[in-house]
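In the numbering used here, the protein residues as written are 896 to 1108. Idealized CB from N, CA, C, for every residue including glycine. Working notes, structure below.
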């Protein structure tokens, strides 16, 4: 699935997506705690890469984080600017971030890499590494599966990842994987979810710790 195809699919459903998922009330409390704690622990600017309707960006900004949002879909950025005045949003590509080398303390990629095929995700990870300063952090939200495989996402084809496979891709980009969390879904509830935290400076554990909550 090419990036223009993904962009077009979200553009067609941007208003619906923003209405259903564009507020923090749609967020699991454990995810809110994890992302907020991670971002507030960083010393410097944070990019919400693939910010969608902008609710995460606004949430973090309200908690004192120096954060800005970026998304490829202009309709999402327009919505985010209208819904969250005073918070910075821009249109941009995750594989060509409009930020200088080593300029950011953190990159949040919360479900924004789920449409990248395994052969292409390295490009986005490499770009995140480029903009991170030494000691900077990456936090990735992703769908968990027993295999790395595509599935029919509500908007456009997405990918499930085995946590160890995604951790390997992140390590291949030059980051140290610090933590991997998973949460089991229910037959009628959200899909199994994962969150991976990584760091650029290489002081993390030699192997990722995997916890289930």
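Exposed or buried, which one is residue i when buried takes at least 16 other CB atoms within 10 Å?
i	result
residue 935	exposed
residue 948	buried
residue 993	exposed
residue 997	exposed
residue 967	buried
residue 952	buried
residue 1011	buried
residue 1031	buried
Compare the beta carbon distance of residue i and residue j with 8 Å and say whether it is the shorter of the two.
i	j	result
residue 1038	residue 1055	yes
residue 1028	residue 1000	yes
residue 982	residue 956	yes
residue 1071	residue 1057	no
residue 1089	residue 1079	no
residue 970	residue 984	no
Secondary structure at residue i, three-state DSSP: helix, strand or coil?
i	result
residue 1044	strand
residue 1077	strand
residue 1071	strand
residue 1099	A caution first: residue 1099 carries a pLDDT of 34, below 50, which makes its placement in the model unreliable, though a value can still be read off. DSSP places residue 1099 in coil when its eight states are reduced to three.
residue 961	coil
residue 1001	strand
residue 926	helix
residue 985	strand
residue 968	coil
residue 1057	coil
Nearest by alpha-carbon distance to residue i: which of the options is it?
i	options	result
residue 950	1025, 973, 1011, 918	918
residue 1041	1087, 1035, 991	1087
residue 939	1062, 1046, 989, 963	963
residue 1118	970, 973, 978, 1017	Because the chain in this structure spans residues 896 to 1108, residue 1118 falls outside the shown range and cannot be described.
Which residues does DSSP pair with residue i in a beta bridge?
i	result
residue 1008	In DSSP, residue 1008 forms no bridge with anything.
residue 995	Bridge partners of residue 995: none, in fact.
residue 1036	1005, 1090
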